[in-house]
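These notes concern the structure reproduced below.
Chains as they are written, first to last, in our numbering: chain A, 2 to 287; chain B, 2 to 287.
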């Protein structure tokens, strides 16, 4: 059988196009056609390096969210000292209610359980202190809701503890999450910039750089952002992966790999199951 | 004349003490005594490595804010590719109104103008996109207010552009600011951890590490957090500097140095002057 089938699509969603316009006017864009294929079951997942807002809006419109999920979240992987952490939301929802943060926690737990094969992923809420009194009313309400479930909720986490592997799933609103992610990217670039500058200054620096090159290359590979490419739009009735717009072959391969794992582990099915259980519990408790 | 005078103080503010308790019950703590000395003019500045919340609450109570400033902000220095950037608020105010963000922008501009001797510091608002439509209503209202002043407001900035030296002053609410700062610290530690791991693994890595040592030490000095110790509590009628709790001699010296510069440049006076001008303009416009 053919491993690749090409579908026709005549329109292009511009990177700066308003999501609502893309949704209404670009019904023959590759983005929309790909999401339609996920919807009708002929594709297992959609991977796009296009306009994030348009991808989110179109996915929500075509695939709809899983019952019990108000809005999908963007979830990505980050390197930590002893492995990886998953963080959501990274920008789809600037402002989040306690209910939404709670839903992100539940989704994060079940998705990471599936794709990382961890029994009880540690779920934490991103906050500006670890004490229970810290943060907004919203975040404290979400904490109380998560603590009342059977997921492994470990409390508040500060942004510097993410790299310390203090949690497997970090839950936050899209504004904070996006800022944390970008701050991390910026700092990694800055340190790399300083490192290269040092190894390029003076004869000794250059010689040391030559000798240290294989070691530096190995470090560079470990923090290579391409290895972490492919953010999941979780909470939809279907798998949609957002690749970085500037992705090269290595990075795009990683995004495809993420999609394959999510298909294999039936991520949307897992979310549907836990949300249905959650709903039953609420009905019983009410 | 004696360069050092020791003042008696019989109480200690615990690191986990509630700010309100510290303020009411610890009137003979070194923190309170030092702030009182700033108030009565016998000290030019107070430097504390103690409880941040208590320091903020006590400073506000004793020194009061400059007319036109609702609440003080915590401002600190960050390394960037081509120099330094100043960021506020870093945690004093979780939730900020547009007015407060506006006040932070005005204060940041005038303080950085003084201490960095830059004519028109570039002031930016931290956001999750650079387009004018991005972010909350609050942040967009603050942007409109800053754009209408004579300060050099350059628009929204994403967290990864801070390290790129895209602005001299970065304005944000205390929640986002604290998360950005901690995310940066965590990433710097993570990269350092990976770097040391690489230079400690295998014979080649160890040898390369030995040769690269002077270069790595020079890098380490450049990103040494001790060189950035000493956050200013700006907006008060007096100079109060918060040092990191775990500061050693080098770090504390840096905090003292920051205090000396602020005394030399009369930071509170500069803020009073620009806020008075701002007030006059509002009266004229009204």
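Using N, Cα and C, we set each Cβ at its ideal position, and we do this for glycine too.
Nearest to residue 232 (chain A) by CA position, among A:35, A:75, A:217 and A:43, is which residue? For the purposes of this step, residue 232 (chain A) is taken as residue 231 along the first chain, with counting starting at 1. Looking only at A:35, A:75, A:217 and A:43, the smallest Cα-Cα distance to residue 232 (chain A) is reached by A:75.
Run through DSSP, which three-state label would residue 226 (chain A) get? Position 225 of the first chain, counted from the start, is the residue given in the question as residue 226 (chain A). Note: residue 226 (chain A) maps to helix in three-state DSSP.
Taking contact to mean 3 or more Cβ pairs, one atom from each stretch, closer than 8 Å, check whether the stretch 137-153 of chain A and the stretch 96-114 of chain A are in contact. By the Cβ test, the stretch 137-153 of chain A is in contact with the stretch 96-114 of chain A, since at least three Cβ pairs between them sit closer than 8 Å.
For a cutoff of 7 Å on Cβ pairs, would you count residue 225 (chain B) as touching chain A? Translated into the one-based positions of the second chain, residue 225 (chain B) becomes position 224. Cβ-Cβ to chain A under 7 Å: no for residue 225 (chain B).
Taking the beta carbon of residue 276 (chain B) as the centre, do at least 16 other beta carbons fall within 10 Å, making it buried, or is it exposed? In the second chain, residue 276 (chain B) corresponds to position 275, counting from 1. When all chains shown are included, residue 276 (chain B) counts as buried.
Are any of the Cβ atoms in chain A nearer than 7 Å to that of residue 187 (chain B)? Here residue 187 (chain B) is taken as the residue at index 186 of the second chain, counted from 1. Yes, its Cβ sits closer than 7 Å to a Cβ of chain A.
Nearest neighbour of residue 236 (chain B), chosen from B:90, B:133, B:147 and B:86 [CA to CA]: Along the second chain, one-based indexing puts residue 236 (chain B) at 235. Nearest neighbour of residue 236 (chain B) by Cα position, chosen from B:90, B:133, B:147 and B:86, turns out to be B:90.
So which residues on chain A does residue 215 (chain B) lean against when the C-beta distance must stay under 8 Å? Counting from 1 along the second chain, the entry for residue 215 (chain B) is found at position 214. Those within 8 Å of residue 215 (chain B) in chain A are 205 and 209.
Under 7 Å by beta carbon: chain A residues contacting residue 83 (chain B): Within the second chain, numbered from 1, the residue matching residue 83 (chain B) stands at position 82. Within chain A, no residue comes near residue 83 (chain B); the closest Cβ sits about 10 Å away, beyond 7 Å.
Count Cβ pairs between the stretch 72-88 of chain B and the stretch 103-114 of chain B that sit closer than 8 Å; are there 3 or more? With a cut-off of 8 Å, the stretch 103-114 of chain B and the stretch 72-88 of chain B count as touching, because enough Cβ pairs lie within range.
By the criterion of Cβ-Cβ separation under 9 Å, what are the contact partners of residue 56 (chain A) in chain B? By 1-based counting over the first chain, the position of residue 56 (chain A) is 55. Those within 9 Å of residue 56 (chain A) in chain B number zero; the least Cβ separation is about 15 Å.
According to DSSP, is residue 14 (chain A) part of a helix, a strand, or is it coil? The residue given as residue 14 (chain A) occupies position 13 in the first chain. Coil, per DSSP.
Would you mind working out which of B:209, B:221, B:269 and B:191 sits nearest residue 114 (chain B), comparing C-alpha positions? Reading the second chain from its first residue, position 113 is the one you call residue 114 (chain B). The candidate whose alpha carbon is nearest that of residue 114 (chain B) is B:269.
Is residue 241 (chain A) buried or exposed, if buried means 16 or more other CB atoms sit within 10 Å of its CB? Counting from 1 along the first chain, the entry for residue 241 (chain A) is found at position 240. Result: buried.
On the DSSP letters alone, give me the boundaries of the alpha helix (DSSP H) that residue 124 (chain B) sits inside. The count along the second chain starts at 1 and reaches residue 124 (chain B) at position 123. That residue, residue 124 (chain B), is in no alpha helix (DSSP H); its beta strand (DSSP E) goes 124-127.
Quick one: measure Cβ to Cβ for residue 189 (chain B) and residue 78 (chain A), integer angstroms, because I've assumed they're closer than 8 Å. Sequence index remark: in the second chain, residue 189 (chain B) carries index 188 (1-based). Sequence index remark: in the first chain, residue 78 (chain A) carries index 77 (1-based). Wrong, their Cβ atoms sit about 20 Å apart, outside the cutoff.
Starting from residue 175 (chain B), trace the alpha helix (DSSP H) in both directions and tell me its first and last residue. What you label residue 175 (chain B) is simply residue 174 of the second chain in a count that begins at 1. Start and end: 175-199.
State the start and end residues of the unbroken alpha helix (DSSP H) segment that holds residue 39 (chain A). Locating residue 39 (chain A) in the first chain gives position 38, where the first residue counts as 1. Note, residue 39 (chain A): alpha helix (DSSP H), 31-40.
If contact means a Cβ-Cβ distance below 7 Å, which residues of the stretch 98-118 of chain A contact chain B? Those residues of the stretch 98-118 of chain A that come within reach of chain B (Cβ to Cβ, closer than 7 Å) do not exist; the list is empty.
Local Cβ density within 10 Å of residue 170 (chain A), reported as buried at 16 or more and exposed below that: For the purposes of this step, residue 170 (chain A) is taken as residue 169 along the first chain, with counting starting at 1. Answer is buried; the Cβ neighbour count reaches 16.
Locate the beta strand (DSSP E) running through residue 84 (chain B), then write down its first and last residues. Looking up residue 84 (chain B) in the second chain gives position 83. Residue 84 (chain B): member of the beta strand (DSSP E) spanning 84-89, first to last residue.
Look at the alpha carbon of residue 49 (chain A) and the alpha carbon of residue 52 (chain B), and state the distance between them as a whole number of angstroms. Mapped onto the first chain, residue 49 (chain A) falls at position 48. Mapped onto the second chain, residue 52 (chain B) falls at position 51. Each residue's alpha carbon lies about 48 Å from the other.
Quick check on residue 258 (chain A): buried or exposed, where buried means 16 or more other Cβ atoms within 10 Å of its Cβ? Your numbering for residue 258 (chain A) matches position 257 in the first chain. Result: exposed.
If I measure Cβ to Cβ from residue 123 (chain B) and keep anything under 6 Å in the same chain, skipping five residues before and after, which residues do I get? Within the second chain, the letter at position 122 stands for residue 123 (chain B). By the criterion of a C-beta distance shorter than 6 Å, residue 123 (chain B) is surrounded in its chain by 153, 155, 168 and 169, once the five residues flanking it on both sides are discounted.
So, at 6 Å on beta carbons, what are the nonlocal neighbours of residue 248 (chain A) in its own chain, with the 5 sequence-adjacent residues on each side left out? Walking along the first chain from the start, residue 248 (chain A) turns up at place 247. Cβ neighbours of residue 248 (chain A) beyond the five flanking positions: 50 and 230.
Pairs of beta-carbons, one from the stretch 34-50 of chain B and one from the stretch 58-65 of chain B, closer than 8 Å: are there three or more? The stretch 34-50 of chain B is in contact with the stretch 58-65 of chain B.
Please check the pair residue 159 (chain A) and residue 183 (chain B), which I expect to be a contact at CB under 8 Å, by giving their CB distance rounded to whole angstroms. By 1-based counting over the first chain, the position of residue 159 (chain A) is 158. By 1-based counting over the second chain, the position of residue 183 (chain B) is 182. Their Cβ separation, rounded to whole angstroms, is 5 Å, which keeps residue 159 (chain A) and residue 183 (chain B) in contact under 8 Å.
So, are the CB atoms of residue 16 (chain B) and residue 58 (chain B) less than 7 Å apart? The sequence position of residue 16 (chain B) within the second chain is 15, counting from 1. The sequence position of residue 58 (chain B) within the second chain is 57, counting from 1. The beta carbons of residue 16 (chain B) and residue 58 (chain B) sit no closer together than 7 Å.
In this structure, does DSSP put residue 27 (chain A) in helix, strand or coil? For this step, residue 27 (chain A) is matched to residue 26 along the first chain. The answer is coil: DSSP assigns residue 27 (chain A) none of H, G, I, E or B.
C-alpha gap between residue 216 (chain A) and residue 9 (chain A), whole angstroms: Here residue 216 (chain A) corresponds to residue number 215 of the first chain, with the count starting at 1. Here residue 9 (chain A) corresponds to residue number 8 of the first chain, with the count starting at 1. Taking the straight line joining both Cα atoms gives about 46 Å.
According to DSSP, is residue 49 (chain A) helix, strand or coil? For the purposes of this step, residue 49 (chain A) is identified with residue 48 of the first chain, where counting begins at 1. Residue state, collapsed to three classes: strand.
Alpha carbons only, please: which of B:239, B:206 and B:195 is nearest the one belonging to residue 273 (chain B)? Here residue 273 (chain B) corresponds to residue number 272 of the second chain, with the count starting at 1. Nearest of B:239, B:206 and B:195 to residue 273 (chain B), Cα basis: B:239.
Helix, strand or coil for residue 76 (chain B), going by three-state DSSP, please let me know. Within the second chain, numbered from 1, the residue matching residue 76 (chain B) stands at position 75. Secondary structure of residue 76 (chain B) (DSSP, three-state): strand.
How would you list, in chain order, the residues of chain A whose beta-carbon sits under 7 Å from the beta-carbon of residue 321 (chain B)? The structure shown has nothing for residue 321 (chain B), since chain B only spans 2 to 287.
Compute the distance between the beta-carbons of residue 177 (chain A) and residue 262 (chain B), then report whether it is under 7 Å. As a first step, residue 177 (chain A) is located in the first chain; it is residue number 176 there, counting from the start. As a first step, residue 262 (chain B) is located in the second chain; it is residue number 261 there, counting from the start. For the pair residue 177 (chain A) and residue 262 (chain B), the CB atoms are not nearer than the 7 Å cut-off.
With distance defined between alpha-carbon atoms, name the residue in B:14, B:129 and B:125 nearest to residue 28 (chain B). If you number the second chain from 1, residue 28 (chain B) lands on position 27. Minimum Cα distance to residue 28 (chain B) is reached at B:14.
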